[in-house]
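Residue numbers (the working numbering), protein chains in the order written: chain R, 21 to 229; chain P, 1105 to 1515.
Written as structure tokens, this is what we have:
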């Protein structure tokens, strides 16, 4: 934690709103979202963190506010240190974060991925399209309210979908055959097993309601 | 009467007589997703002006399996086999990177023997991955022989892997805090024997390419990535080092005892496809060096951390005789190993670059969020820039030189 305090102290002169963030390893700081690009620029230009390792985000759950936190990991190719920068998104329903793709071109794809999987819009991003899922896919799969099995959606190729009537179906044995549950529940419930065994590859899914 | 021949005015002549501002039409070509040079299922949506690429838009996701979502829904132990399927050309290295990341979260220290075995695993995986990268690269640029040579060598490596882990391909060898088993008896001797015979063959392979006019013409000066670009685009591994970025996590942030071994980090000068090839060739030799040192100084003792027994599995004999251990075993299987809450990020120097795991834990046996930073994904992000204004045939050489694997890129 002291390392986090050091980085915080070094930056606090310029950005008084920075606070150290609890971290299991590298120094980490919390910054207000709007200041994130300025802090990252300062880290890059004045503190030798010249390498953007990763941009990602976490969804803390539908009922949590702030719901989304964006993370940046920086690395220094000279001092070989890491730093983690985290910023909470202000909106829980339509999260927006500032892009850093003008600072590091590497951020371009990372931000596209974060947008694709978690639905965080990066303002002023030059080319914010989905990257892993197909264009026109309606959901953001890494959000906590998206089920592991998936949701019935039209095929990427609508023409094929129209002709065959096929859709991208949720995975049977949803939850997987050997999935344990997290959290404090009783052992019987937590035992790894298919959570919903009413339908499988062989048995049709019962019509809901 | 001699007939007048129109042959004197050939088509070429007519074409050259055409006005210079002859309008050309740009052509859009989809290269992939099942093109032999895209090494998996990558699609490059190219816009061509004649044979010159004017715009390149990589389309990913054909192999997206939602590994991060899956990770959030299973225990730490259960995720080990999924790491095999990231960079499926170096599963052992992925296993080790994942294990170290979780150990960091659990604050677990593994004994020296375990670390040394992991180093041997990582370096053999690096050789295996670079061999395939090299062979495929050579094949893409028209040299078939190297591919056959390297496959023979990889087969020998796979035999060693099979003996060590029980599987040739999807090894799942590491456990949190240890390995699934110790090395079999005499295995290290066979590793040394492999190294012994491998070096001359490697030299022979490199000899076929390094001064081969066709290969040099196809790769030298093609796909130049400057040092500044390599850093700005987040390139890691041999791709970054080929551009002169002296970053190697094994040296810069040693893990698993890499600081004990002597090895050099090859670095390129011009950053073209040829330099990246040279880096990989040299790295294999350095890997052999590391393997030899690790095997020579292989420490004795336990190959798993004693504390880790309550994380991956209690001893089988104790499970059968002791009630506590039986309950413990059951708890590990059902609820997963109990981890402290926290956020850790660890990345390891994998064959393709820095493979990172960012784990957010809220405690309990299941990660709350796990982000996999895949080197292939980052390395490919430079494609639009590096392919632009190159010939279509050079795109093949550039792809080969970047040595990516889509299983890891798409996760």
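By construction, the Cβ of each residue, glycine as well, lies at the ideal position given by its N, Cα and C atoms.
Among the residues of chain R, those whose CB is under 8 Å from the CB of residue 1462(P) are 74, 76, 91, 93, following chain order. Between residue 1514(P) and chain R, the shortest Cβ-Cβ separation is below 9 Å. Closer than 9 Å to the CB of residue 1414(P) there is not a single CB belonging to chain R. Distance from the CA of residue 1374(P) to the CA of residue 1219(P), rounded to the nearest whole angstrom, comes to 35 Å. Residue state for residue 1160(P) is assigned as strand, using DSSP reduced to three classes. Note: residue 156(R) is not bridge-paired with any residue in the DSSP secondary-structure output.
Interface annotation, residue 1333(P): in contact with chain R, CB-CB separation under 9 Å. What residue 97(R) touches in chain P, judged by beta-carbon distance under 7 Å, is 1335, 1349, 1351, going in chain order.
Judged by DSSP in its simplified three-state form, residue 1457(P) adopts strand. Counted as a single uninterrupted DSSP element, the stretch harbouring residue 121(R) is not any alpha helix (DSSP H), since DSSP gives it neither H nor E.
Taking a cut-off of 8 Å for Cβ pairs, the segment 1337-1352 of chain P and the segment 1491-1502 of chain P do not touch, as fewer than three such pairs fall below it. Bounds of any beta strand (DSSP E) do not take in residue 45(R), whose DSSP letter is neither H nor E. With a contact defined as Cβ atoms closer than 8 Å, residue 1282(P) and residue 1407(P) qualify at about 6 Å. At a cut-off of 9 Å, the C-beta of residue 85(R) has no neighbouring C-beta in chain P.
Scanning its chain for C-beta atoms nearer than 6 Å, with the 5 sequence neighbours on each side dropped, one finds around residue 1198(P) the residues 1187, 1190, 1191, in chain order. Within the segment 1151-1174 of chain P, the residues whose Cβ lies closer than 8 Å to some Cβ of chain R are 1164, 1165, 1168, 1170, 1172, 1173, 1174, listed in chain order. Using a C-beta cut-off of 8 Å, the segment 1305-1323 of chain P makes contact with the segment 1240-1258 of chain P, since at least three inter-stretch Cβ pairs fall below that distance.
Rounded to whole angstroms, the separation of the alpha carbons of residue 1171(P) and residue 163(R) is 14 Å. Inter-residue distance for residue 1391(P) and residue 1181(P) is about 29 Å (C-alpha atoms, whole angstroms).
Ranking 119(R), 44(R), 48(R), 126(R) by CA distance to the CA of residue 140(R) puts 119(R) first. Judged by beta-carbon spacing, residue 1475(P) lies beyond the 9 Å limit of residue 166(R), meaning their Cβ atoms are not closer than that value. Counting C-beta pairs closer than 8 Å gives fewer than three between the segment 1221-1228 of chain P and the segment 1303-1311 of chain P, which falls short of the contact rule. Remark: C-beta atoms of residue 1213(P) and residue 1409(P) approach each other more closely than 9 Å. Under the DSSP assignment, residue 1167(P) falls outside any alpha helix (DSSP H); it carries neither an H nor an E label.
The criterion of a C-beta distance shorter than 9 Å is satisfied by residue 1341(P) and residue 1455(P). Per DSSP, the beta-bridge partners of residue 79(R) are 88(R). Residue 1458(P) and residue 1444(P) have their C-alpha atoms some 25 Å from each other. A direct Cα-to-Cα measurement between residue 1388(P) and residue 173(R) gives close to 46 Å.
With distances taken between CA atoms, residue 1462(P) lies nearest to 1446(P) out of 1446(P), 1257(P), 1469(P).
At a C-beta separation below 9 Å, residue 1375(P) has no neighbours in chain R, since its nearest C-beta there lies roughly 15 Å away. Under the three-state reduction of DSSP output, residue 1345(P) falls in the helix class.
Taking 9 Å as the threshold, the shortest C-beta distance from residue 1456(P) to chain R does not fall below it. Under the three-state reduction of DSSP, residue 1451(P) is assigned to strand.
Per DSSP, reduced to three states, the secondary structure at residue 1328(P) is coil, with no helix or strand assignment. At a cut-off of 9 Å between beta-carbon atoms, residue 63(R) makes no contact with chain P.
For residue 37(R), there is no enclosing alpha helix (DSSP H), as DSSP marks it with neither H nor E.
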